[in-house]
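Q:
There are 2 protein chains.
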Amino acid sequence: MSRQLILEKIQQAVEILNEKDIDMWLTFVRETGNITDPMLEVIVGTNATWESAFIITKSGERHAIVGSLEVANMEVVNTYPNIHGYLKSIEDDLLAILNKYNPEKIAVNYSQNSSLADGLTHGMFLQLQKYLTGTPFKERLVSSEEIVAALRGRKSPTELSIMKEAIKETLKIFDQVTEFIRPGVSEIEIANFVKDIVRQKGFGFAWDEEYCPSVFTGPDTAGAHSGPTERKVERGHVINMDFGIKLNGYCSDLQRTWYVLREGETDAPEEVKRGFNVIVESIQRAADAIRPGAVAYTIDDIARSFIVENGYEEYPHGLGHQVGRVAHDGGALLAPKWERYGNLPYLKIEKNQVFTIEPRLTIEGFGIATIEEEVVVTENGCEFLSKPQKELYLIK
Amino acid sequence: MSRQLILEKIQQAVEILNEKDIDMWLTFVRETGNITDPMLEVIVGTNATWESAFIITKSGERHAIVGSLEVANMEVVNTYPNIHGYLKSIEDDLLAILNKYNPEKIAVNYSQNSSLADGLTHGMFLQLQKYLTGTPFKERLVSSEEIVAALRGRKSPTELSIMKEAIKETLKIFDQVTEFIRPGVSEIEIANFVKDIVRQKGFGFAWDEEYCPSVFTGPDTAGAHSGPTERKVERGHVINMDFGIKLNGYCSDLQRTWYVLREGETDAPEEVKRGFNVIVESIQRAADAIRPGAVAYTIDDIARSFIVENGYEEYPHGLGHQVGRVAHDGGALLAPKWERYGNLPYLKIEKNQVFTIEPRLTIEGFGIATIEEEVVVTENGCEFLSKPQKELYLIK
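In order, the protein sequence lines correspond to chains A and B. Heads up, the first sequence is in this note's numbering, so the first residue is 2 and it goes up one at a time. Heads up, the second sequence is in this note's numbering, so the first residue is 2 and it goes up one at a time.
1) From Q323 (chain A) to Q354 (chain A), what distance separates their C-alpha atoms?
2) Using 8 Å as the threshold, is the C-beta distance between F55 (chain A) and V109 (chain A) below it?
3) Please classify L88 (chain B) as buried or exposed, where buried requires at least 16 other C-beta atoms within 10 Å of its C-beta.
4) Hey, R326 (chain B) and Y251 (chain B) are a contact pair by Cβ (cut 8 Å); roughly how many whole angstroms apart?
5) Is A207 (chain A) near the ligand ZN, in the sense that its beta carbon is under 7 Å from a heavy atom of that ligand?
6) With DSSP as the reference, label R275 (chain A) as helix, strand or coil.
7) Could you tell me whether any Cβ in chain B is nearer than 8 Å to the Cβ of T136 (chain A)?
8) Which value, in whole angstroms, describes the spacing of the CA atoms of T299 (chain B) and I36 (chain B)?
9) Can you look up G2 (chain B) in the DSSP assignment and give me helix, strand or coil?
10) Would you kindly check if the distance between the Cβ of W208 (chain B) and the Cβ of G245 (chain B) is under 8 Å?
11) Leaving out five residues on either side along the sequence, give the residues of the same chain with a beta carbon under 6 Å from the beta carbon of E373 (chain A).
12) Can you pull out the residues from the segment 305–338 of chain B whose beta carbon lies closer than 9 Å to at least one beta carbon of chain A?
13) Only counting the same chain, and skipping five residues up and downstream in sequence, which positions put a Cβ closer than 6 Å to that of Q130 (chain A)?
14) Report the residues of the segment 35–59 of chain B with a CB closer than 8 Å to any CB of chain A, ordered along the chain.
15) Using a C-beta cutoff of 8 Å, does S227 (chain B) count as contacting chain A?
16) Would you kindly report the start and end of the unbroken alpha helix (DSSP H) that includes S162 (chain A)?
17) Within 8 Å of any Cβ in chain B, is that where the Cβ of R141 (chain A) sits?
18) So does the segment 70–88 of chain A actually touch the segment 121–129 of chain A, counting three or more Cβ pairs closer than 8 Å?
19) What is the residue span of the alpha helix (DSSP H) that Y298 (chain B) lies within?
20) Can you tell me which of the three DSSP states S69 (chain A) falls into?
21) Since Q256 (chain A) is in the beta strand (DSSP E), which residue starts that stretch and which ends it?
22) Thinking E231 (chain B) and I163 (chain B) are a contact (beta carbons under 8 Å), I'd like their distance in whole angstroms, please.
23) Could you check which residue in A:G331, A:F367, A:G294, A:D197 has the C-alpha nearest to that of F277 (chain A)?
24) How do the segment 166–180 of chain A and the segment 371–390 of chain A stand: do at least 3 beta-carbon pairs fall below 8 Å, yes or no?
25) In whole angstroms, give me the CA-to-CA distance for Y102 (chain A) and V15 (chain A).
26) Beta carbon of N74 (chain B), beta carbon of T33 (chain B): below 8 Å?
27) What is the rounded straight-line gap between the Cα of V261 (chain A) and the Cα of V72 (chain B)?
28) Round the Cβ separation of I98 (chain B) and I57 (chain B) to the nearest angstrom and send it over; I've been treating them as touching at under 8 Å.
29) Kindly list the residues whose CB is nearer than 8 Å to the CB of I182 (chain B), restricted to its own chain and excluding five residues on each side of it in sequence; keep chain order.
30) If you check the beta carbons only, do I107 (chain A) and D22 (chain A) fall under 8 Å apart?
31) Over the uninterrupted beta strand (DSSP E) stretch that includes Q130 (chain A), give me the two end residues.
32) Would you give the residue range spanned by the beta strand (DSSP E) that E374 (chain A) belongs to?
33) Pull up the CB-CB distance for E384 (chain B) and K352 (chain B), whole angstroms please, since I reckon it's below 8 Å.
34) Along the chain, where does the alpha helix (DSSP H) that runs through N193 (chain B) open and close?
35) Looking at C-beta atoms only, is the number of pairs between the segment 193–209 of chain A and the segment 280–287 of chain A that lie closer than 8 Å three or more?
36) For chain A, check one thing: does any of its Cβ atoms lie closer than 8 Å to the Cβ of R200 (chain B)?
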């Protein structure tokens, strides 16, 4: 992330601190080469080896406390005007800054609901408790999840323009896949075809390369979040692919569905078209309901109910997630009220968040139909960032 | 990490559980694409999206509890014989397994002392507490740091052979740098020369590319853990470089020191040679004392005292750290008893651990002399894995 973009996000963070009435945001980390707080690249711009604290106040002041050997590096990175280097323990500098500002409410980088706001490891939490023992600050800690959700969710114009570009490039690759798919090629061959293009073009992968892309052909596939196999494309298969790139630090995440015509067919069978069209329609209905202020789970419910009403089993996951610097980004999640999603389905949708919409259904005997689109929330609704797939792609 | 190597490390983990008398090791994670527990690649071999638990028992049994959509992937990865998929909440499966084994002592992936054993975020710790409320297991949790330190520290023959290869390749690149350095080239140019070789050869970087390598020329440099600058090599400069590669998943970490001869000089000035030789001698003295059972801080003390006795300022960091899949690996740390190092300086050295030895001193008016070697602990002492630098490299 460029220094300019980091400073933009820090400025946005200060606005959010004021909006949420939180006096201080403390991000406490160590050895980030071993375990990285996902917010560091957004609000700091470099790694830290020894226990380090990055502090942003409601009044807009910023302090970095780092091991003395990393002061010079922080000066080069130049995102924190006040840099404090320590030799033996971070405790004194940390307490000095807390005492200086005497914050009533200190947001710290932990969260039960969101991994992106949960970069504080439990061991580091215990360290922090140790330093704060005997001070009033120990009882003033709150989760940073509201700040992180707002900061990552609300995309700036710069961020949106990069994300649009990533989507455009991804859809180009999907078009190349349509040309490449034919009976006899395996899921792995399709995946390798895609990976070669990604590498040639110098893009990154939006998630773990093991299953980016995921490719599923025919009725007997493994389901989502699995790597491609040696299974070969056959006539009569429904194929779907889940894939995204990383471009200038931002991810895309899209899915498309194909059908491989059998001998003598000029179109997909009725039951295939019906399943596909239920997916298309469920996406449109969900998108029609997305707007600032809508509660996230209600959007999932619209697509889920529509699919069930049409006689298909409900999909075993959420309808959509936010996208950004990581494929699963932000707070609010278009998901059902299942415990595994924590409070994220209960959050309200905000303007400038980018969501996927990705329902799924099984067409018995043919395969799995999925489409994944990306939308951005606007003043009164949402807009598709990806040109939606409305017709099944037919392979001759 | 290959499946074979993961199974080797899991087998080793079972032995360690028996040695330490711990009934169960529970690694609890989520969204590891956003924040990764450093042990996952060692004992699992894939990522996890939803709350997931990886369980190894003292009796050698292994259970993975993952979101239902990731069961197929875990089957392909094939490192856990028992795979449990859940749809809405991990709670029931987790409690069922705890009840089945009724462990008296459960090591969990958190640690105040070691980032490598601290993959449990505080939010996930709170989740775990929630699931365990009302069960006896809530009071039976201990840190996994002892297990992780032993498992990462004790290198298998396979691991050692990869690490030796990484060191050999790294020293070749240092030799190329000796040919490349000349008055007028900048730190950044030297770093880019190195990075180009690393990329051409298909190696990875042992740490953050921003400062891998770090290059420091002359008396006015920034100190460790900073990126290279536009500062140019001049005659009369002492230059040092800190650099490591990642080869087949294992890191090297080495430093070397050069001197650029001034017009008319055929050798370095006495004060430069003296500083350099104090570094060489301090490394040898530390190495002579390394053996299984020695307490880590005593080794630091030997080198530190020798440097101070010779009239130089003590280095503002530890003498050495373990190396492995990450540059700062393992538990025991050859460091002074400063709070920032937690309990790691108090741990005992064990056979087959790989340590760096990397003292530093400033030669006033010339620059910083550092050498970093790697040694492996043997039955009765240690062996150098890197051919030690004994002579200053002279640049004409």
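Glycine included, every Cβ here is placed at the ideal spot set by N, Cα and C. Keep in mind that this is a model prediction, so the values were computed, not measured.
A: Based on what the coordinates show:
1) In the first sequence, counting from the first residue as 1, residue 323 (chain A) sits at position 322. In the first sequence, counting from the first residue as 1, residue 354 (chain A) sits at position 353. When the Cα atoms are used, Q323 (chain A) and Q354 (chain A) turn out to be separated by approximately 7 Å.
2) What you label residue 55 (chain A) is simply residue 54 of the first sequence in a count that begins at 1. What you label residue 109 (chain A) is simply residue 108 of the first sequence in a count that begins at 1. No; because the gap between Cβ atoms is not below 8 Å, this pair is not in contact.
3) Along the second sequence, read from residue 1 onward, the residue named residue 88 (chain B) stands at position 87. Label assigned to L88 (chain B): exposed.
4) On the second sequence, position 325 is the one that residue 326 (chain B) refers to. On the second sequence, position 250 is the one that residue 251 (chain B) refers to. Their Cβ separation, rounded to whole angstroms, is 6 Å, which keeps R326 (chain B) and Y251 (chain B) in contact under 8 Å.
5) What this structure holds is no ligand at all, so the ligand ZN is not there to describe.
6) Here residue 275 (chain A) refers to the residue found at position 274 of the first sequence. DSSP places R275 (chain A) in helix when its eight states are reduced to three.
7) Residue mapping note: residue 136 (chain A) aligns to position 135 of the first sequence, counting from 1. With its beta carbon at least 8 Å from every one in chain B, T136 (chain A) lies outside the interface.
8) On the second sequence, position 298 is the one that residue 299 (chain B) refers to. On the second sequence, position 35 is the one that residue 36 (chain B) refers to. If you take the alpha carbons of T299 (chain B) and I36 (chain B), they lie about 35 Å apart.
9) As a first step, residue 2 (chain B) must be located in the second sequence, where it is residue number 1. The residue you asked about is not Gly; residue 2 (chain B) is Met in the sequence shown. Residue state, collapsed to three classes: coil.
10) Here residue 245 (chain B) refers to the residue found at position 244 of the second sequence. Here residue 208 (chain B) refers to the residue found at position 207 of the second sequence. With contacts defined by Cβ atoms closer than 8 Å, G245 (chain B) and W208 (chain B) form a contacting pair.
11) Against the first sequence, residue 373 (chain A) aligns to sequence position 372. Within the same chain, E373 (chain A) has close Cβ partners L255, Q256, T357, E359.
12) P317, H318, V327, A328, H329, D330, P337
13) The residue you call residue 130 (chain A) lines up with position 129 of the first sequence. Excluding sequence neighbours, Q130 (chain A) sits near nothing in its chain.
14) N35, I36, T37, D38, P39, T47, N48, T50, W51, E52
15) Locating residue 227 (chain B) in the second sequence gives position 226, counting from the first residue. Cβ-Cβ to chain A under 8 Å: yes for S227 (chain B).
16) Indexing the first sequence from 1 puts residue 162 (chain A) at position 161. Taken as a continuous stretch (DSSP letters only), the alpha helix (DSSP H) holding S162 (chain A) covers 158–181.
17) As a first step, residue 141 (chain A) is located in the first sequence; it is residue number 140 there, counting from the start. Taking 8 Å as the CB threshold, R141 (chain A) stays off the interface with chain B.
18) no
19) What you label residue 298 (chain B) is simply residue 297 of the second sequence in a count that begins at 1. It spans 297–310 - the alpha helix (DSSP H) in which Y298 (chain B) sits, taken as one unbroken run.
20) The count along the first sequence starts at 1 and reaches residue 69 (chain A) at position 68. Correct three-state label for S69 (chain A): helix.
21) Working through the first sequence from its first residue, we reach residue 256 (chain A) at position 255. Element bounds for Q256 (chain A): 255–261.
22) The residue given as residue 231 (chain B) occupies position 230 in the second sequence. The residue given as residue 163 (chain B) occupies position 162 in the second sequence. Not confirmed; about 36 Å, so no contact.
23) For the purposes of this step, residue 277 (chain A) is identified with residue 276 of the first sequence, where counting begins at 1. That would be A:F367, whose Cα lies nearest to the Cα of F277 (chain A).
24) Because the criterion of three Cβ pairs below 8 Å is met, the segment 166–180 of chain A and the segment 371–390 of chain A touch.
25) The count along the first sequence starts at 1 and reaches residue 102 (chain A) at position 101. The count along the first sequence starts at 1 and reaches residue 15 (chain A) at position 14. Distance between the alpha carbons of Y102 (chain A) and V15 (chain A): 15 Å.
26) Counting from 1 along the second sequence, the entry for residue 74 (chain B) is found at position 73. Counting from 1 along the second sequence, the entry for residue 33 (chain B) is found at position 32. No, they are not a contact pair.
27) As a working note, residue 261 (chain A) is residue 260 in the first sequence. As a working note, residue 72 (chain B) is residue 71 in the second sequence. Rounded to whole angstroms, V261 (chain A) to V72 (chain B) spans 28 Å at the Cα level.
28) Counted from its first residue, the second sequence places residue 98 (chain B) at position 97. Counted from its first residue, the second sequence places residue 57 (chain B) at position 56. Between I57 (chain B) and I98 (chain B) the Cβ distance is about 11 Å, and since that is not below 8 Å, they are no contact.
29) For the purposes of this step, residue 182 (chain B) is identified with residue 181 of the second sequence, where counting begins at 1. Closer than 8 Å at Cβ, skipping near neighbours: I191, V234, I240, W259, V261, I396.
30) The residue given as residue 107 (chain A) occupies position 106 in the first sequence. The residue given as residue 22 (chain A) occupies position 21 in the first sequence. No, Cβ-Cβ distance for I107 (chain A) and D22 (chain A) is not below 8 Å.
31) Translated into positions along the first sequence, residue 130 (chain A) becomes position 129. Element bounds for Q130 (chain A): not the beta strand (DSSP E) but the alpha helix (DSSP H), 123–133.
32) Taking the first residue of the first sequence as 1, we reach residue 374 (chain A) at position 373. Residues 374–378.
33) The count along the second sequence starts at 1 and reaches residue 384 (chain B) at position 383. The count along the second sequence starts at 1 and reaches residue 352 (chain B) at position 351. Actually they do not touch by this definition, with Cβ atoms about 11 Å apart.
34) As a working note, residue 193 (chain B) is residue 192 in the second sequence. It spans 188–201 - the alpha helix (DSSP H) in which N193 (chain B) sits, taken as one unbroken run.
35) Result no; under three Cβ-Cβ pairs closer than 8 Å.
36) The count along the second sequence starts at 1 and reaches residue 200 (chain B) at position 199. Answer no: the Cβ-Cβ gap between R200 (chain B) and chain A never drops below 8 Å.
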